[in-house]
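Scroll down for the structure; my scribbles are underneath it.
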DNA sequence: CTCCCGTATGTGCACGGTCACATCCGCACT
DNA sequence: AGTGCGGATGTGACCGTGCACATACGGGAG
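Chains as they are written, first to last, in my numbering: chain A, 514 to 852; chain B, 514 to 852.
Structure representation (structure tokens):
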């Protein structure tokens with residue numbers, strides 16, 4: 514056979530063209546469903562394609578168009594519930610839009626590993642970047658690097674930032690704080706996240722804002738590391754003092770640790786101390802006692818990220834304005850203080 | 514200027530070559546650090562590269578070599594602790610080896626969405642595949658599709674499977690069960706994971722094996738869905754019967770739900786019922802009571818995945834044989850039964 | 001001195017798509 | 001009949017890199 518099909522490699526656009534009796538360009542037009550292709554021709558080409566099990570070569574396409582159809586995700590701590598939920602929803606949204614997702618981790622959070630991770634993503638010729646490592650130093654490193662790709666972050670620097678797609682952390686923290694004050698608490702501690710996390714900072718601000726707005730005196734927040742372990746040790750220290758009736762924890766895991774420590778000290782939640790968390794991880798409803806917390810809509814967050822990125826990359830500038838509003842979920846870990 | 518550098522696009526190998534006064538092939542050799550390049554030449558080329566901020570074009574390279582240096586990950590439920598931990602460690606290991614990672618989700622777990630996800634990964638020309646969706650039907654769909662890429666899974670079909678990189682789930686489940694029997698329990702329930710999950714099945718087998726080996730009569734395991742929510746409702750049903758003194762739950766989340774239900778019924782863990790979980794999620798140590806569970810070394814698992822994949826793909830066939838042994842972590846949720 | 005071989009480098013092409021442009025054809029309008 | 005136009009398709013170049021092969025050079029063996 515002169516024009517044997519199987520040449521030991523994957524069929525390409527010209528193989529399809531030959532068998533369909535058209536030019537390779539016609540095949541290309543079918544691929545990109547160009548308008549001016551006769552229906553019969555198109556069908557013939559499609560038939561040959563499926564017969565040959567033809568798959569377009571992404572590298573070749575990327576080479577000529579310099580479009581990789583890939584979105585990069587820069588993440589840290591991705592085994593945590595929040596980040597991994599967001600990544601999952603980004604993945605799904607991107608896939609629906611025909612985009613691919615590659616990820617890069619930051620482990621140490623120093624400038625070097627950030628640059629390494631970004632290089633890694635750059636080598637993929639990503640067209641957009643989602644930053645789920647909302648640490649101040651990461652953002653600083655990124656603004657120094659002036660990326661050539663559009664990106665979105667999950668923080669709220671508090672102003673007119675085009676890149677931000679965020680849950681309104683401040684509002685969420687205020688909801689939680691207002692709930693505690695409304696119950697009658699006046700001595701409320703705040704267990705914050707690591708200071709260089711933007712989300713942690715925002716929640717802390719929300720807490721302080723609400724306390725001030727309601728004229729409740731505050732003490733300095735305690736800075737934690739998001740882990741249940743830290744919550745436990747912080748709780749142990751706090752139980753030596755006992756000059757409070759409620760604690761607002763910046764996430765659910767630390768809240769869990771706190772409740773553990775409080776019980777270890779022979780006290781009861783919520784009778785002696787009320788606890789509010791943040792995130793509403795699926796386990797929170799089954800903690801003992803079930804945790805009052807602030808729910809974030811992570812799937813929505815991921816969807817908006819991709820939408821904004823694709824909006825920025827394409828034509829439609831109809832970005833979502835406004836932040837996602839979190840919701841207070843009241844459970845058994847909070848109650849009126851007992852004096 | 515005749516040979517202006519900035520032509521409005523990224524510099525390529527020939528731009529570098531021209532400025533370094535060598536041929537493009539010499540530049541290519543420097544890139545792939547070929548042996549027979551004079552040191553002075555190499556240095557000159559490298560200097561020009563950094564001056565131009567040259568970055569090799571991955572698409573072009575992939576096109577000609579038909580190597581994408583990308584590993585695909587097929588995952589489901591990736592917001593769960595286990596999967597996301599594994600993905601993270603795979604990512605890290607791959608990055609260290611100079612590989613990229615793309616992921617695809619399976620949401621509905623039907624054949625269609627599996628095929629869609631695999632198509633998605635195939636379109637990336639992945640060189641290896643890690644399957645973290647250890648569901649029976651996923652594996653079945655995959656063996657039907659006869660992939661052209663090497664892959665590893667996380668299951669143990671129980672035999673001489675070259676593709677398996679796995680924690681020894683059976684051994685872990687036996688550890689947990691032996692612990693309960695050793696404490697004196699004779700009426701032990703097992704709350705299993707979804708039946709079509711291979712891990713769930715393996716843990717169930719481990720449980721049954723150990724029970725048989727020690728001549729303890731068993732009842733049929735309850736089939737759950739991994740969630741704390743399910744654990745809670747299953748626990749409520751079980752508390753109506755109360756013909757048991759211990760439950761071995763197939764993961765920590767369901768164990769949490771169980772403990773919640775037991776407390777709701779006015780009973781105490783471990784006094785009335787002992788509970789053992791599986792996974793040792795970071796929160797387990799701070800549950801109330803702290804959960805006795807089986808720890809899996811997820812990071813090691815991820816590392817081995819990549820090692821095996823790269824081993825398979827390259828020359829070195831020195832794969833890791835043997836499974837990773839899990840470890841029993843004894844905490845306060847288990848104790849001797851009170852008759 | 002000649003031959004051969006290894007080292008260092010250059011030349012042209014292939015990879016598999018897309019893009020700009022050319023071509024062909026039929027039909028409506030002048 | 002000539003002209004213009006738009007739909008349908010073909011032709012050749014090009015994207016940036018690596019591979020196979022060719023070439024130039026220098027030194028040691030016969």
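C-beta: ideal position from N, C-alpha, C; glycine also.
Burial state of residue 828 of chain A (16 or more Cβ within 10 Å): Residue mapping note: residue 828 of chain A aligns to position 315 of the first chain, counting from 1. Note that residue 828 of chain A scores a pLDDT of 44, beneath 50, so its modelled location is shaky; the value from the coordinates is reported in the next line. Answer is exposed; the Cβ neighbour count stays below 16.
Have a look at residue 605 of chain A and residue 639 of chain B and give me their C-alpha separation to the nearest angstrom. The count along the first chain starts at 1 and reaches residue 605 of chain A at position 92. The count along the second chain starts at 1 and reaches residue 639 of chain B at position 126. One C-alpha to the other measures close to 19 Å.
7 Å Cβ cut-off: residues of chain B touching residue 702 of chain A: Numbered from 1 along the first chain, position 189 holds the residue referred to as residue 702 of chain A. Here the premise fails: no neighbours, minimum Cβ distance about 18 Å.
Return the first residue and the last residue of the beta strand (DSSP E) that residue 702 of chain B is part of. Sequence index remark: in the second chain, residue 702 of chain B carries index 189 (1-based). Run containing residue 702 of chain B: 701-705, per the beta strand (DSSP E) assignment.
For the alpha helix (DSSP H) holding residue 646 of chain B, just list the boundary residues, first then last. Taking the second chain and counting its residues from 1, the one referred to as residue 646 of chain B is at position 133. Careful: residue 646 of chain B lies outside any alpha helix (DSSP H) and carries neither H nor E.
For residue 830 of chain A, name the three-state secondary structure that DSSP assigns. Counting from 1 along the first chain, the entry for residue 830 of chain A is found at position 317. Its pLDDT being 46, under 50, residue 830 of chain A is placed unreliably in this model, and the value from its coordinates should be taken loosely. It is coil, neither helix nor strand.
Closest Cα partner of residue 729 of chain A within the set A:835, A:784, A:695: Counting from one through the first chain, the residue named residue 729 of chain A turns up at place 216. Out of A:835, A:784, A:695, A:695 has the C-alpha closest to the C-alpha of residue 729 of chain A.
Quick check: the region 707-720 of chain A against the region 740-757 of chain A, are there 3 or more CB pairs under 8 Å? no
Mind pulling the chain B residues with CB within less than 7 Å of residue 575 of chain A? In the first chain, counting from the first residue as 1, residue 575 of chain A sits at position 62. Within chain B, the residues near residue 575 of chain A are 572.
Local Cβ density within 10 Å of residue 844 of chain B, reported as buried at 16 or more and exposed below that: The sequence position of residue 844 of chain B within the second chain is 331, counting from 1. Buried, since its Cβ has 16 or more Cβ neighbours within 10 Å.
From residue 700 of chain B to residue 733 of chain B, what distance separates their C-alpha atoms? Stepping through the second chain from its first residue, residue 700 of chain B is reached at position 187. Stepping through the second chain from its first residue, residue 733 of chain B is reached at position 220. Approximately 12 Å between the Cα atoms of the pair.
Under 8 Å between C-beta atoms, does residue 637 of chain B make it to chain A? Your numbering for residue 637 of chain B matches position 124 in the second chain. Closer than 8 Å: yes.
Closer than 8 Å to chain A by CB, residue 776 of chain B: Within the second chain, residue 776 of chain B is the residue found at index 263, counting from 1. It does; some Cβ of chain A falls within 8 Å.
Indicate whether residue 641 of chain B and residue 685 of chain B have their beta-carbon atoms separated by less than 8 Å. Position 128 of the second chain holds residue 641 of chain B. Position 172 of the second chain holds residue 685 of chain B. No, Cβ-Cβ distance for residue 641 of chain B and residue 685 of chain B is not below 8 Å.
What are the start and end residues of the beta strand (DSSP E) that includes residue 840 of chain A? Mapped onto the first chain, residue 840 of chain A falls at position 327. Looking at the DSSP string, the run of the beta strand (DSSP E) that includes residue 840 of chain A is 840-842.
Check whether the Cβ of residue 828 of chain B lies closer than 8 Å to any Cβ atom in chain A. The residue given as residue 828 of chain B occupies position 315 in the second chain. Confidence in residue 828 of chain B is poor, its pLDDT being 44 and thus under 50, which makes the residue's placement unreliable; the coordinate value appears in the next sentence. Not a single C-beta of chain A is nearer than 8 Å to the C-beta of residue 828 of chain B.
Outcome for residue 545 of chain B when other beta-carbon atoms lying within 10 angstroms are tallied against a minimum of 16: In the second chain, counting from the first residue as 1, residue 545 of chain B sits at position 32. Residue 545 of chain B is exposed by the Cβ-count criterion.
Within the 8 Å Cβ cut-off, does residue 662 of chain B reach chain A? Here residue 662 of chain B corresponds to residue number 149 of the second chain, with the count starting at 1. No, its Cβ sits nowhere closer than 8 Å to a Cβ of chain A.
Determine, using beta carbons only, whether residue 591 of chain A and residue 600 of chain A come nearer to each other than 8 Å. As a working mapping, residue 591 of chain A is identified with position 78 in the first chain. As a working mapping, residue 600 of chain A is identified with position 87 in the first chain. The answer is yes: Cβ separation under 8 Å.
Is the beta carbon of residue 620 of chain B closer than 8 Å to that of residue 614 of chain A? Here residue 614 of chain A corresponds to residue number 101 of the first chain, with the count starting at 1. Here residue 620 of chain B corresponds to residue number 107 of the second chain, with the count starting at 1. No, these two residues do not count as a Cβ contact at 8 Å.
For the beta strand (DSSP E) that residue 523 of chain A lies in, which residues bound it at each end? Position 10 of the first chain, counted from the start, is the residue given in the question as residue 523 of chain A. Segment: none, residue 523 of chain A is in no beta strand (DSSP E) and carries neither H nor E.
Which residues bound the alpha helix (DSSP H) around residue 748 of chain B? Residue 748 of chain B sits at position 235 when you count from the first residue of the second chain. According to the DSSP assignment, residue 748 of chain B belongs to the alpha helix (DSSP H) that extends over 741-754.
Might you give, ordered along the chain, the residues of its own chain that have their beta carbon closer than 8 Å to the beta carbon of residue 848 of chain A, omitting 5 neighbours on each side? Stepping through the first chain from its first residue, residue 848 of chain A is reached at position 335. Cβ neighbours of residue 848 of chain A beyond the five flanking positions: 696, 783, 784, 787.
Which residues in chain B sit within 7 Å of residue 594 of chain A, going by Cβ to Cβ distance? Stepping through the first chain from its first residue, residue 594 of chain A is reached at position 81. Per Cβ cutoff of 7 Å: 592.
Tell me which residues of the region 744-769 of chain A have at least one Cβ-Cβ distance to chain B shorter than 7 Å, keeping chain order. 745, 766, 769
Helix, strand or coil, according to DSSP, for residue 585 of chain A in the structure here? As a working mapping, residue 585 of chain A is identified with position 72 in the first chain. Of the three classes helix, strand and coil, the one that applies to residue 585 of chain A here is strand, per DSSP.
Measuring alpha carbon to alpha carbon, tell me which residue in A:573, A:623, A:561, A:598 is nearest residue 535 of chain A. In the first chain, counting from the first residue as 1, residue 535 of chain A sits at position 22. Out of A:573, A:623, A:561, A:598, A:561 has the C-alpha closest to the C-alpha of residue 535 of chain A.
Sort B:664, B:587, B:524 by Cα distance to residue 629 of chain B and report the nearest one. Taking the second chain and counting its residues from 1, one reaches residue 629 of chain B at position 116. The residue with the shortest Cα to Cα distance from residue 629 of chain B is B:587.
Roughly how many angstroms separate the alpha carbons of residue 839 of chain A and residue 756 of chain A, rounded to a whole number? For the purposes of this step, residue 839 of chain A is taken as the residue at position 326 of the first chain. For the purposes of this step, residue 756 of chain A is taken as the residue at position 243 of the first chain. Rounded to whole angstroms, residue 839 of chain A to residue 756 of chain A spans 30 Å at the Cα level.
Does the beta carbon of residue 741 of chain B sit closer than 8 Å to a beta carbon anywhere in chain A? Mapped onto the second chain, residue 741 of chain B falls at position 228. Judged by the 8 Å Cβ criterion, residue 741 of chain B is in contact with chain A.
Please report the distance separating the alpha-carbon of residue 550 of chain A from that of residue 558 of chain A. Stepping through the first chain from its first residue, residue 550 of chain A is reached at position 37. Stepping through the first chain from its first residue, residue 558 of chain A is reached at position 45. For residue 550 of chain A and residue 558 of chain A, the distance between alpha carbons rounds to 11 Å.
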